[in-house]
Each structure stands twice: as structure tokens, then as C-alpha cells.
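One structure below.
In the UniProt record's numbering, the protein residues as written are 1 to 150.
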């Protein structure tokens, strides 16, 4: 917004449990095009909640890796892009998608830009939550869908 004030990304890094990677607020804001008008405290809150939710969904994955003497997500794979391996990328994808899904209603409230008006928030939220679910299923070693015989 051109109002004479400068708004910068927040360089805070949210520490994680020790196994899963830490999350940068700036990376989330840039990667998911989060409007800078959304208060940083709100962004931090939804990121922490998303991290906790994803961590809970991945408890058994973490336990299985720890039993195999893998103590950090960084140790899962040696192949990396920009210092981040595939498991870290999937973890962040799940966290960022859940957090953005939580923030979507705020886009219209806090931003007067036309781009945020008349958006299909429900469909977009469902799409983001499906993206997060797919990333979590991949980390669990599951395919896109499952069928059970009863």
C-alpha cells in the first residue's frame, strides 16, 4: 500500500519440537502471499496452531524415525534444495497450507483491495486443507487415498 509507511516481513523464526523443522514467518508471508496488513501476532498465532496440529498428526511418524535412530527431519534424506530436504518441504507445505486456510477470512476484512473481494474462500480453504492433508499423508508413507475392507 502506498501510504508513506514501509512494511517489512517479520524475520521471526518459530522454534519447533526438535524433530520437525523451525518455521520462518517471513518465508510463510512470502511463499503464501500473505498481505502485510494482517497483524504479525495473528500470523504467529495461526502458524503455531498449524505447527501443533501437524506435529500431532505426525506423532507416529516421528516415533518411528526416532526408533530408527533418526533424531531430526534433516536426517531423513541427504538430498536437498537450498538446504531443505523433501520431508522438510512437505512439513512446511502442510503447516503453511493450514495456516493460510485459517487466515483467508481475514484477507477481506483487513485488506480493502479489490483482489480480495468476492473470493471463493470456502473452496480455497478446502483446497488448502486438502493440500495439507496430502503432504501429511505423503510424510506418513500413504498414497493419496486409501480403501479398507471391513
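Here a beta-carbon is modelled for each residue, glycine too, at the ideal position from N, C-alpha and C. Please read all numbers here as calculations on a predicted model, not as lab measurements.
| Asked | Found |
| --- | --- |
| Any idea what DSSP makes of residue 70, helix, strand or coil? | coil |
| When you compare the CB positions of residue 122 and residue 50, do they come within less than 7 Å of one another, or not? | no |
| For residue 26, tell me which candidate among 8, 16, 132 has the shortest Cα-Cα distance. | 8 |
| Taking a contact to mean a Cβ-Cβ separation below 7 Å, would you say residue 57 touches residue 136 in this structure? | yes |
| Given residue 19, which residues of its chain have a CB within under 8 Å of its CB, disregarding the five upstream and five downstream residues? | 62, 65, 66, 71, 72, 73 |
| Give the straight-line distance between the Cα atoms of residue 80 and residue 90, rounded to the nearest whole angstrom. | 12 Å |
| In angstroms, rounded to a whole number, what distance separates the CA positions of residue 142 and residue 133? | 11 Å |
| Kindly indicate the opening and closing residues of the alpha helix (DSSP H) around residue 162. | The question about residue 162 has no answer, for the chain in this structure spans 1 to 150. |
| Only counting the same chain, and skipping five residues up and downstream in sequence, which positions put a Cβ closer than 6 Å to that of residue 1? | At residue 1 the pLDDT is 46, less than 50, meaning the model places this residue with poor confidence; the figure from the coordinates comes in the next sentence. There are no such residues. |
| So which of 128, 12, 13 has the shortest CA-CA distance to residue 103? | 128 |
| Check each candidate in 131, 16, 10 and name the one with the smallest Cα separation from residue 41. | 10 |
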